[in-house]
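Chains as they are written, first to last, in the working numbering: chain G, 8 to 233; chain C, 8 to 233.
Beta carbons: idealized from backbone N, C-alpha and C, even for Gly.
Everything on this sheet refers to the single structure shown next.
2 protein chains.
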Amino acid sequence: MKRKIFLETEIQNKEFLEIEDKKIQHRIKKVYKLKPGDTIFFVGNDLYEGIYVLIDPSTWKFKRVECYKRSLLPPREVNLFLSFIRKNNFELILEKASELGVKRVIPLITERSSWSTTEVSKRWEKILHSSLEVSEWGYLPEIGTPIKVKDLPQNCFILEKDGEVLDVKNIKDPINIVVGPEGGFSDKEKKIFEEKDCKIISLGKITLKTETAIFVILSLLNFPLK
Amino acid sequence: MKRKIFLETEIQNKEFLEIEDKKIQHRIKKVYKLKPGDTIFFVGNDLYEGIYVLIDPSTWKFKRVECYKRSLLPPREVNLFLSFIRKNNFELILEKASELGVKRVIPLITERSSWSTTEVSKRWEKILHSSLEVSEWGYLPEIGTPIKVKDLPQNCFILEKDGEVLDVKNIKDPINIVVGPEGGFSDKEKKIFEEKDCKIISLGKITLKTETAIFVILSLLNFPLK
């Protein structure tokens with residue numbers, strides 16, 4: 008595994024980088040144990056990625072060796088409207104959805120969610136972005152402000168157990184996937200889906216856990232086989 | 008979510024069930040809080056599933072209401088030769104691979120694995136089987152005895168970053184997928200793959216974490232879209 012760290016800053020025009028974030032300093036010193044002359048990859052939030060050499064550990068100063076723009080994009084533009092489900096699963100989904108090429112995750116406040124917030128957590132963004140240390144996507148996945156079901160766009164695809172199989176080739180981007188909470192949507196929410204011309208889709212007859220269903224749908228959309 | 012428990016016993020011919028496993032007793036009493044007259048689903052290791060009513064909490068005795076054989080099978084027969092990777096990821100993969108319709112997981116002892124064992128752990132089997140409480144597959148996923156790279160079958164598919172895209176339609180079952188440890192395979196192991204006519208396959212240009220790559224490949228094989 009390459010030593011690679013995502014930085015919440017632009018790096019394109021910087022020949023030198025001084026790392027100020029304490030957690031990243033910790034990774035450099037304690038995890039990667041870099042010594043002067045050692046190299047590391049940095050990825051900036053401008054999607055530039057470069058090889059840098061540590062020149063001064065006392066000021067955490069690195070010098071650029073080379074730098075290039077990432078260019079790989081997922082084949083489809085997928086927005087995930089994700090209900091507030093159990094916290095550890097919610098965060099696992101953020102991590103994996105980012106690896107699997109989701110464009111945007113918008114937390115969804117539903118009647119039966121066991122928890123919710125109207126604020127965007129810095130932690131969520133961090134989880135989405137740190138996946139870029141592994142994957143090489145050339146875009147920054149986004150986290151949206153949490154919205155209510157009534158604020159969903161028209162023509163979403165509601166991922167449920169009983170629905171039509173998604174006809175991938177005949178739908179246009181962006182693909183808005185909606186995933187409900189553990190207890191499902193309420194009748195009132197289902198009525199809103201009808202008003203918004205949403206379509207119930209499913210992945211076949213098998214019931215999957217929420218997080219697993221999301222892994223499958225993103226795999227199918229963004230990793231087409233022959 | 009239905010109340011459903013997997014039992015490591017056959018249930019087809021049993022009109023009455025008495026639950027002796029302490030952990031299952033705990034779930035019945037403390038998690039589901041069943042009272043006499045309440046119903047629950049049990050799934051047996053013979054893949055029969057039934058609705059049962061609690062008739063005597065003091066002896067954990069249930070009476071069958073109805074019972075049927077599960078019949079849903081994944082479209083492909085996939086064996087996963089899984090290297091010993093970080094334990095929590097290893098177990099996450101067992102859970103999700105079972106949901107995603109893997110037929111058999113065979114732990115693989117490699118030179119660069121950070122840990123390994125030659126024994127099959129009861130815990131692994133339990134993880135594989137408890138996924139059946141959610142999914143409705145009509146087969147029992149198996150865990151094999153750990154093997155070494157030299158004992159792999161011929162014609163496996165080695166999942167790597169740089170390889171051919173898997174031509175799903177033109178390969179025959181069983182599909183033997185091999186996944187390496189975090190540090191990759193050694194040169195000696197790569198030579199064995201050549202001798203065994205194994206093919207290096209990949210999921211595109213994106214690097215995925217080991218567990219994520221497995222979710223993707225199983226999704227693509229067992230959950231075909233239109």
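Coarse secondary structure for residue i, derived from DSSP in three states
i       : result
L227(C) : helix
R34(G)  : helix
I92(G)  : coil
D169(G) : strand
R111(G) : strand
V156(C) : helix
T46(C)  : strand
W131(G) : helix
N162(G) : coil
L99(G)  : helix
K212(G) : coil
I18(G)  : coil
F200(G) : helix
L147(G) : coil
L232(G) : coil
Test: residue i CB closer than 8 Å to a CB of chain A
i       : result
F230(G) : Judged by its chain identifiers, the structure shown contains no chain A, and its protein chains are G and C.
Supposed close pair residue i, residue j - CB separation, criterion 8 Å
i       : j       : result
F164(G) : S226(C) : Not a contact, Cβ separation roughly 17 Å.
T46(C)  : Y55(C)  : Not confirmed; about 16 Å, so no contact.
V175(G) : L228(G) : 6 Å
V185(G) : F88(G)  : 4 Å
G108(G) : P81(G)  : 3 Å
L159(G) : K203(G) : 6 Å
P148(C) : K110(C) : 7 Å
N96(C)  : T217(C) : 6 Å
F48(G)  : K76(G)  : Their Cβ separation, rounded to whole angstroms, is 14 Å, which puts F48(G) and K76(G) out of contact at 8 Å.
I35(C)  : W67(C)  : 7 Å
S193(C) : E118(C) : 4 Å
Euclidean distance between Cα positions of residue i and residue j
i       : j       : result
I92(C)  : T125(G) : 38 Å
K21(C)  : E15(C)  : 14 Å
P188(G) : K103(C) : 19 Å
N177(C) : D28(G)  : 51 Å
S123(G) : H136(G) : 22 Å
P5(C)   : L61(C)  : This structure cannot speak to residue 5(C), because chain C is shown only from 8 to 233.
S120(C) : P153(C) : 13 Å
D63(G)  : I134(G) : 29 Å
G57(C)  : V72(C)  : 7 Å
K37(G)  : E17(C)  : 52 Å
K179(G) : K70(C)  : 52 Å
G211(C) : K40(C)  : 48 Å
E132(G) : E140(G) : 14 Å
I207(G) : K168(G) : 9 Å
W144(G) : T219(C) : 15 Å
R4(C)   : I31(C)  : Residue coverage of chain C in this structure runs from 8 to 233, which leaves residue 4(C) outside it and unanswerable.
E25(C)  : C74(C)  : 16 Å
S209(C) : I224(C) : 9 Å
T214(G) : S142(G) : 29 Å
N183(C) : S78(G)  : 33 Å
I116(C) : S90(C)  : 6 Å
F248(G) : K195(G) : Because chain G in this structure spans residues 8 to 233, residue 248(G) falls outside the shown range and cannot be described.
G151(G) : I113(G) : 5 Å
8 Å Cβ cutoff, residue i in contact with chain G
i       : result
F3(C)   : Given a span of 8 to 233 for chain C in the structure shown, any question on residue 3(C) remains unanswerable.
K103(C) : yes
L79(C)  : yes
Chain C residues whose Cβ lies nearer than 8 Å to that of residue i
i       : result
E143(G) : K212, I213, T214
Within chain G, partners of residue i - CB distance below 7 Å
i       : result
E106(C) : L215, K216, T219
S226(C) : F222, V223, S226, L227
Within chain C, partners of residue i - CB distance below 9 Å
i      : result
L87(G) : By Cβ distance, chain C contributes nothing, its closest Cβ being about 15 Å from L87(G), past 9 Å.
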